[in-house]
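Asks:
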Amino acid sequence: MAAPVVWINAFPGTGKLTAARELIRLDQSSILIDNHQLIDPVAARFSRDHPQYQTERRRERERAFDKYVLEPTLMSKTIVFTDCQSEDEVGQATAQEYLQAAQKAMRPFITIYLSCEMEVNIKRATSSERVQGTATKLTDAVMLRDALSRYKMFRFENSPYEAYNIDTTDLAPRDTALRIQAYIKDYLSGYKARRSELWLAPTSNEPSIHNPYVTSGPTLNVSLNQAIRVQSPAGFNSHWVGHWITTTENLHFVLITFANVVNGGPDNSTDGGSANGCLIYSLESGGSSSSFIAGKLTTFGQDKLRIRFGDQYELHSLTDDNISALNVIANYTESNFSLNATFQPRGSLLFNGGSGSLYWGSVFNQQWSSSAAYTTGTFTINGTKHTVDPKRSTTWYDRQWGEENPTQGWHWFPIQLENGVRISAWVIPTEQGDAIKAFATALYPNGEQEVVSVNPDIKPKDAWASPTTNRTWYGSFEVSFLDEYNSVITAVAPDVTDRKFGEASFGPSFAFCDSFTVYNGTWKGHSVRGWGIVEQWPAS
1 MAAPVVWINA FPGTGKLTAA RELIRLDQSS ILIDNHQLID PVAARFSRDH
51 PQYQTERRRE RERAFDKYVL EPTLMSKTIV FTDCQSEDEV GQATAQEYLQ
101 AAQKAMRPFI TIYLSCEMEV NIKRATSSER VQGTATKLTD AVMLRDALSR
151 YKMFRFENSP YEAYNIDTTD LAPRDTALRI QAYIKDYLSG YKARRSELWL
201 APTSNEPSIH NPYVTSGPTL NVSLNQAIRV QSPAGFNSHW VGHWITTTEN
251 LHFVLITFAN VVNGGPDNST DGGSANGCLI YSLESGGSSS SFIAGKLTTF
301 GQDKLRIRFG DQYELHSLTD DNISALNVIA NYTESNFSLN ATFQPRGSLL
351 FNGGSGSLYW GSVFNQQWSS SAAYTTGTFT INGTKHTVDP KRSTTWYDRQ
401 WGEENPTQGW HWFPIQLENG VRISAWVIPT EQGDAIKAFA TALYPNGEQE
451 VVSVNPDIKP KDAWASPTTN RTWYGSFEVS FLDEYNSVIT AVAPDVTDRK
501 FGEASFGPSF AFCDSFTVYN GTWKGHSVRG WGIVEQWPAS
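Position 86 of the sequence shown, counted from 1, bears residue number 86 in the UniProt record's numbering, the numbering being contiguous throughout.
#1: What are the complete beta strand (DSSP E) segments, minimum 3 residues, inside the stretch 219-260?
#2: What are the start and end residues of the alpha helix (DSSP H) that includes L38?
#3: Bridge partners of Q536, per DSSP?
#4: What number of angstroms, rounded off, separates the C-alpha of T270 from the C-alpha of E535?
#5: Do N276 and I293 count as a contact pair if the criterion is CB distance below 9 Å?
#6: Do the CB positions of W412 and W199 come within less than 9 Å of each other?
#7: Quick one: is D457 buried, meaning 16 or more other Cβ sit within 10 Å of its Cβ, or exposed?
#8: Output the residue ranges of the beta strand (DSSP E) runs that lie fully inside the stretch 452-489 and measure 3 residues or longer, sorted by chain position.
#9: Identify which residue in N322, D495, S466 has its Cα closest to the Cα of S505.
#10: Is A373 helix, strand or coil by DSSP?
#11: Could you give the residue range of the beta strand (DSSP E) that holds P51?
#12: Do you know how far the Cα of G242 is from the Cα of F501?
#13: For S453, collect the residues of the same chain with a Cβ closer than 6 Å to its Cβ; drop the 5 residues on either side in sequence, then sort them by chain order.
#14: Does S476 pass the burial test, meaning 16 or more other C-beta atoms within 10 Å, or should it be called exposed?
#15: Sorted by chain position, which residues of the same chain lie with C-beta nearer than 7 Å to V90's C-beta, five sequence neighbours on each side aside?
#16: Going by C-alpha distance, which of K461, P460, V421, A463 is nearest Y444?
#17: Going straight from the alpha carbon of S487 to that of D398, what length do you get?
#18: Quick one: what does DSSP say V427 is sitting in, helix, strand or coil?
#19: Which residues in the same chain have their Cβ closer than 6 Å to the Cβ of E22, if we skip the five residues on either side of it in sequence?
#20: In this structure, what does DSSP give as the bridge partners for residue 611?
#21: Name the residue from R145, L358, A330, T111 whose alpha carbon lies nearest to the alpha carbon of A125.
#22: Express the C-alpha separation of I423 and W396 in angstroms, rounding to a whole number.
#23: P345 lies in the beta strand (DSSP E); which residues open and close that run?
#24: Taking only three categories from DSSP, how would you classify Y213?
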């Protein structure tokens, strides 16, 4: 795991710099960036009321993030920032920059807030040592008293990272540092312990191709349609792979790769309409990244599954049946991500609609999923290599194709419950203005499948605007099942309104959103919880 970013926010005179220096002495692998290292170079050129002042301050911070937080050779170093950001608009925006830098580097982000009694605060701020220091430090007692009475320090509310509040009134700097050090250690070990059993490998050892429902049910021939070609340039031919990974270091990631292979190029080739990409999410750090690339397909198997986009993406079968063992290789330099993973589908496959055929906008479409697969492999993020723990990892592989794409978009909820039930729920507006198609297919651990109607009102909430495309996405939904138990499962993407993760955009003209999601609610009269994603695909 990459070392954390520690952000210490406090008023001038609370002792944050002296405590931070003691913290660095306690941990020689840490790097300290005092806020005045970022302020003074700008203050030497611009006054605080100059139009360029805040712009240059932001650039100075960006240089520090690139040099320390994002630098691959420093991922093992804890980066400690001291800061003084209030709750005003500038303070809020600046604080978010530190969080976003940590997330981009996939580092844990730990917030420390220091305070002390006002008179002690003023005495410290006006000490002779401080007065003789940097010219930009606040040493005026009247101004500080006014600031302490009128302003509040910014705090990350509803953050996934616990905050640590320390009153330094009666603490020596070393004692403050020791408390911070102990908190960081406890936080990191406790966070890993809380995350240790999020998802497990499939309980079944039966290859999916041998499952009775797969071989004898009213279903599609999954081996044959793995290499199927879609003739319409407006069609859909998707291979979506979602890995739910616990690493051997006890870290947790959601790694999604996808490919769409359709005609649309010269002579009805697959050159024009094909695309591939990835979405990456770290549960420990909250960091995320994505790539969505239209590209020329270099290999497309005739009878055996093999899809390749140069050195960037490849999905191929390791067995003649096209399903028992699949390998995905990805190299997305813009996301600093590479992957080489093999997954083996286990137990029954989930056939949407019961047989794998569903109404898709204005035509019928085919879809089946392997919702549990034994998973092995390695991946690298920001220069750090991770190994998959196969006993605590799984893969959801979704296969879908058809001759048309719904122009009104859709919502898809692949729900993985801790009790072993897997649910694929769809809400799809129709093209002719008829009733919205809303239904779910549930796969039980014993292989039984059930189709259930869904209330099309999924109550989207927690809207957030993408900083990349300015599109609006939602962070929570309610899936109400029209069964005899009135089952309801809520979907919440943790803190997505602040972290803004899950979007994959192909330039400003098109994007979709696959956000990591925690599920809670009731199913068939029992309380349930689980995980998955919510896919939001906009109308074209």
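Even for Gly, the Cβ is constructed at its ideal location relative to N, Cα and C.
Replies: Reading off the structure:
#1: 236-246, 252-260
#2: 35-43
#3: H411, C513
#4: A caution first: T270 carries a pLDDT of 44, below 50, which makes its placement in the model unreliable, though a value can still be read off. Cα to Cα, the separation comes out at about 25 Å.
#5: yes
#6: no
#7: exposed
#8: 461-465, 472-480
#9: S466
#10: strand
#11: From DSSP, P51 is part of no beta strand (DSSP E); its letter is neither H nor E.
#12: 16 Å
#13: F439, L482
#14: buried
#15: Q54
#16: V421
#17: 24 Å
#18: strand
#19: P173, R174, A177
#20: Only positions 1 to 540 of the chain appear in the structure, and residue 611 is not among them; the question remains open.
#21: R145
#22: 11 Å
#23: 337-345
#24: helix
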